[in-house]
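Below is one structure; the comments refer to it alone.
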Amino acid sequence: MLRVSDVAFGYVPEQTLFKDVSFTIESGEFLAVGGRNGCGKTTITRLLVGLETPRTGRIFYNDTDITGWTPAKRSQYIGYVFQQPDRQMFRPTVAQEVAFGPEQQGYSRAEVKEITAQALERVRLSDKADAYPPLLHRGEKQRVAIASALAMQSEILILDEPTSGQDGTETKELLGLLQSLRKDGLAIVLITHDMEIIASQCSRVLVMGNQTKAFDGSPEELFTKRDDLEALGLERPACVSLSMAVPSLGYCASMEEFTKRMITYKQQGGR
Amino acid sequence: MERVADISKLVYRHKQGGQFRWVTVSVLLLAIGAILHLVSPSVAGVTPNWVIATYCVAIQLTRPTYKQAVGIGLVAALITLMTSKSAFPYGNLASEPIAALFCALLVHGQARFAFVGEKTLAIISGFFTTVLSGAIFVTLLFFIMHLPLTVYLFGMWPLVLVVALCNAVVTPLIYMPAHHFFEKQGFVADRKEEETSHANYDLKPASQALISVEHVTYYYGSSKSSAIKDVSLVVNKGDFLVITGPAGCGKSTICQAMVGAVPQFYGGQMQGMVFVEGQAVTQTTIPKLAMHVGFVPADYDSTLVTMTVEEEIAFAMENRGYDPARITSRIDQVLTQVGLKGLEKRTITGLSGGQRQRLAIGAVLATNPEILVLDEPTSSLDPAGTSELYELVGRLNKEEGITLVVVDHNLQAVLPYANRAILVMDGEIVKDASMLDTLTYMYEERLYTDALPSLFVGYMQLKAAGYAGQAPWICVADALEDIRGEVPTYVKG
Chain G
1 MLRVSDVAFG YVPEQTLFKD VSFTIESGEF LAVGGRNGCG KTTITRLLVG
51 LETPRTGRIF YNDTDITGWT PAKRSQYIGY VFQQPDRQMF RPTVAQEVAF
101 GPEQQGYSRA EVKEITAQAL ERVRLSDKAD AYPPLLHRGE KQRVAIASAL
151 AMQSEILILD EPTSGQDGTE TKELLGLLQS LRKDGLAIVL ITHDMEIIAS
201 QCSRVLVMGN QTKAFDGSPE ELFTKRDDLE ALGLERPACV SLSMAVPSLG
251 YCASMEEFTK RMITYKQQGG R
Chain V
1 MERVADISKL VYRHKQGGQF RWVTVSVLLL AIGAILHLVS PSVAGVTPNW
51 VIATYCVAIQ LTRPTYKQAV GIGLVAALIT LMTSKSAFPY GNLASEPIAA
101 LFCALLVHGQ ARFAFVGEKT LAIISGFFTT VLSGAIFVTL LFFIMHLPLT
151 VYLFGMWPLV LVVALCNAVV TPLIYMPAHH FFEKQGFVAD RKEEETSHAN
201 YDLKPASQAL ISVEHVTYYY GSSKSSAIKD VSLVVNKGDF LVITGPAGCG
251 KSTICQAMVG AVPQFYGGQM QGMVFVEGQA VTQTTIPKLA MHVGFVPADY
301 DSTLVTMTVE EEIAFAMENR GYDPARITSR IDQVLTQVGL KGLEKRTITG
351 LSGGQRQRLA IGAVLATNPE ILVLDEPTSS LDPAGTSELY ELVGRLNKEE
401 GITLVVVDHN LQAVLPYANR AILVMDGEIV KDASMLDTLT YMYEERLYTD
451 ALPSLFVGYM QLKAAGYAGQ APWICVADAL EDIRGEVPTY VKG
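Pasting the structure below:
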């Protein structure tokens with residue numbers, strides 16, 4: 001759906017942040033973007049939405065070259081939730097905030113109302129339609145930003161470290177919402193430092209490092225086959241370390257899976 | 001001195017806002033006044049006196065003491081002096097403070113005349129303050145410049161009266177939106193609210209611990225429901241205490257109560273009492289408490305005020321009046337403590353989030369508090385920053401004996417360092433025990449289980465099934481050791 005081809009980028013002319021980066025994003029994917037601080041995780045997603053222009057290389061959306069498109073034009077396909085979602089909200093109520101996109105696209109007032117109501121329903125924020133965005137919790141603000149993307153009928157949703165600093169309950173709710181959106185066919189791109197989330201939620205991982213794309217594949221391959229995890233700023237999640245310590249237990253993507261298999265394993269006499 | 005039999009019944013009420021709020025509001029309004037003064041068009045030589053109008057509004061909004069009112073008048077005089085087109089602008093130095101004092105008299109006198117509403121008061125104070133200020137100003141001008149009496153009587157006085165009439169119109173026009181705005185921000189105190197003083201009570205803590213929180217129930221501002229209910233806890237010397245609980249459970253409020261911000265900054269009503277090193281928080285001030293308890297809020301960036309790293313540490317000490325030689329040597333010690341040595345001259349904007357937070361902690365440590373309170377310190381840090389932070393504060397606790405209170409919901413990261421954990425639900429303490437006991441309690445009672453470290457949950461489940469050792473898994477290494485020991489087919493390597 002979205003294809004990045006041989007992209008290079010740097011903020012200052014003398015320095016290259018990364019080069020030779022190529023990858024694709026397909027619908028229904030849950031892609032994690034990981035790596036050390038300052039490796040270009042956020043930057044690569046800013047290139048996707050057009051907030052930065054690549055030095056060389058092209059970006060295609062369904063084979064249309066969108067490299068020269070403005071962020072406004074790309075926002076029909078790609079939604080972005082910033083690390084501080086406050087910074088992307090500027091209207092007095094949640095409903096008006098979500099309505100901004102469809103209004104700009106020229107929908108009639110009745111259509112905008114319908115679209116907004118549906119988007120808020122999907123993120124379970126209908127009861128907060130008249131709330132003042134700055135007074136919401138961070139988790140709620142994130143859902144407003146997600147609703148804004150849904151109202152634009154985005155097919156790709158990018159979230160920059162949405163779970164950092166959130167408590168377990170909020171994280172669980174957000175991940176549940178993202179999984180349900182993914183089932184509806186959206187592609188989710190999650191920039192994250194949380195190894196447990198990468199292992200248990202994502203279908204694919206893209207790791208940035210050494211000034212280029214350092215890894216692109218399944219979490220299982222990343223956490224069991226790569227021996228340079230530490231150099232890439234990653235860490236093997238506890239569940240994977242533990243499952244690897246028990247022969248023939250197989251790869252466990254989460255702690256629940258590990259304990260469940262471990263108990264069965266033990267009951268069968270350790271075989 | 002009056003003794004208090006039951007401390008849980010002791011009530012303290014306080015208006016919201018710090019003691020310097022009158023400065024904030026007046027300076028903001030005077031700045032607006034100065035801008036209006038510069039841009040206001042003059043019709044036939046007449047223009048409203050915006051500076052007088054704005055300080056009238058400021059005095060009516062903040063109801064300062066007479067001394068403070070003179071201060072506001074003096075600042076207004078300096079502003080007018082610097083922007084004046086008059087031949088003898090120094091007259092303002094006399095006219096504005098006196099007029100401001102008079103305005104404060106009017107405002108305080110309003111209480112006796114209940115029928116005078118806020119808007120009417122703005123009209124009256126706008127008019128008469130301007131007349132008085134103008135009268136003093138032109139009279140001084142008349143004597144010093146030796147002006148003809150006819151100019152004074154028939155030229156200047158009518159002008160004073162016309163300007164005063166203009167001000168009688170613009171003062172309420174500024175007052176209404178300003179009142180609306182500051183009230184929304186919580187800056188305008190409700191005059192009907194009573195403030196309590198505990199100066200006459202003999203308050204003694206029940207425990208000799210560093211911090212003793214005794215039966216505290218607290219209502220924010222004018223809120224009808226309590227943020228915390230009958231909370232009692234002690235913080236002992238050398239503790240590393242973690243306070244955890246779901247969002248909005250009141251854990252931050254408990255933390256704010258330990259530094260005196262509840263109730264002295266947020267206002268509202270507190271029952272019970274918090275003692276810091278034996279001192280009741282209602283009988284001291286926040287700056288004095290800060291000498292014992294250092295506080296770093298979740299939004300640590302808001303505590304950083306200077307340009308460079310060393311200036312930030314120096315600022316904290318200069319405020320307390322340390323001598324310069326001591327400050328220079330202390331900067332060195334503190335930056336070593338928090339691992340920022342070598343970055344003295346770095347600008348604060350050039351630091352990473354984790355470094356800025358360590359700087360905020362350093363600035364607090366500079367004045368040697370015995371207790372360090374951190375509110376959600378890891379909420380904006382990545383995993384590497386989080387483990388670095390806990391390594392640092394764990395070291396401060398172990399090696400330097402600093403007592404730590406941390407509010408956090410990331411329990412895995414703090415697990416290896418904390419000796420005690422308190423679980424707060426709906427404003428009440430439901431468990432206060434060792435870290436592992438609290439975790440076990442949360443797991444067994446199914447309370448706030450989303451926050452439990454996954455390793456701990458895994459251990460508990462395997463243990464329940466009979467397949468784990470006796471020692472809980474604090475880190476992955478513990479778990480690996482346990483599992484390897486349990487799996488007979490595994491060859492230890």
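The listed protein sequences correspond, in order, to chains G and V. Residues in the first sequence are numbered consecutively from 1, following our numbering. Residues in the second sequence are numbered consecutively from 1, following our numbering. We put the beta carbon where it would ideally sit given N, CA and C, even for glycine.
Chain-ordered, the chain G residues with CB closer than 7 Å to the CB of residue 484 of chain V read 245.
In the three-state scheme derived from DSSP, where H, G and I count as helix and E and B as strand, residue 97 of chain G is classed as helix. Chain G places no beta carbon closer than 9 Å to that of residue 75 of chain V, leaving this residue out of the contacts.
The Cβ-Cβ distance between residue 372 of chain V and residue 354 of chain V does not fall below 9 Å.
Taken in chain order, the unbroken stretches of beta strand (DSSP E) that lie wholly in the segment 98-178 of chain G and span 3 residues or more are 156-160. Contacts between residue 242 of chain G and chain V, judged by CB atoms closer than 8 Å, involve 458, 476, 479, 480, 483 in chain order. In the three-state reduction of the DSSP assignment, residue 2 of chain V falls in the strand class.
Within chain V, the C-beta atoms nearer than 8 Å to that of residue 238 of chain G come from 454, 455, 458, 476, 479, in chain order. Here residue 96 of chain V is buried, its C-beta having at least 16 other C-beta atoms within 10 Å. As a beta-bridge residue in DSSP terms, residue 65 of chain G pairs with G/60.
Among the residues of chain G, those whose CB is under 7 Å from the CB of residue 451 of chain V are 167, 168, following chain order. Cβ neighbours of residue 146 of chain V within its own chain (closer than 6 Å, five residues either side excluded): none. Ranking V/365, V/426, V/54 by CA distance to the CA of residue 176 of chain V puts V/54 first.
One finds nothing in chain V with a Cβ atom closer than 9 Å to the Cβ of residue 90 of chain G; even the nearest lies about 19 Å away. For residue 267 of chain V, there is no enclosing alpha helix (DSSP H), as DSSP marks it with neither H nor E.
Chain order gives no chain V residues near residue 93 of chain G, where near means a beta carbon separation below 7 Å; the closest approach is about 17 Å.
Taking 9 Å as the cut-off, the Cβ atoms of residue 151 of chain G and residue 102 of chain G count as close. Just measuring C-alpha positions, the residue of V/264, V/479, V/60 sitting nearest residue 287 of chain V is V/264. Burial check for residue 475 of chain V: the Cβ neighbour count within 10 Å stays below 16, so the residue is exposed. Membership of residue 59 of chain V in the alpha helix (DSSP H) is indicated by the continuous run 50-62. A Cβ-Cβ separation of about 15 Å leaves residue 358 of chain V out of contact with residue 404 of chain V under the 8 Å criterion.
For the segment 244-270 of chain G, residues whose beta-carbon sits nearer than 7 Å to a beta-carbon of chain V comprise 245, 246, 247, 255, 258, 259, 262, 263, 266, 270. In the three-state reduction of the DSSP assignment, residue 180 of chain V falls in the helix class, which pools H, G and I. Pairing residue 108 of chain V with residue 267 of chain V gives a Cβ-Cβ distance that is not under 9 Å. With fewer than 16 other beta carbons inside 10 angstroms of its own, residue 45 of chain V counts as exposed. The beta-carbon of residue 379 of chain V is placed less than 9 Å from the nearest beta-carbon of chain G.
Rounded to whole angstroms, the gap between the alpha carbons of residue 248 of chain V and residue 297 of chain V is 16 Å. With a 10 Å radius around the Cβ and a threshold of 16 neighbouring Cβ atoms, residue 248 of chain G comes out exposed.
Boundaries around residue 208 of chain G are those of the beta strand (DSSP E), 204-209, since no alpha helix (DSSP H) includes it. The bridge partners DSSP lists for residue 201 of chain V are V/2.
The CB of residue 196 of chain G comes closer than 8 Å to the CB of 454 in chain V, given here in chain order. With a contact defined as Cβ atoms closer than 8 Å, residue 165 of chain G and residue 379 of chain V qualify at about 3 Å. Residue range 2-9 is occupied by the beta strand (DSSP E) that includes residue 3 of chain G.
Contacts with chain V (Cβ-Cβ distance below 9 Å) from the segment 9-39 of chain G involve 36, 37, 38, listed in chain order. Interface flag for residue 155 of chain G against chain V is unset, since no Cβ pair is found closer than 9 Å. For residue 382 of chain V, the residues of chain G that pass the 7 Å Cβ criterion are 37, 164, 193, in the order they occur in the chain.
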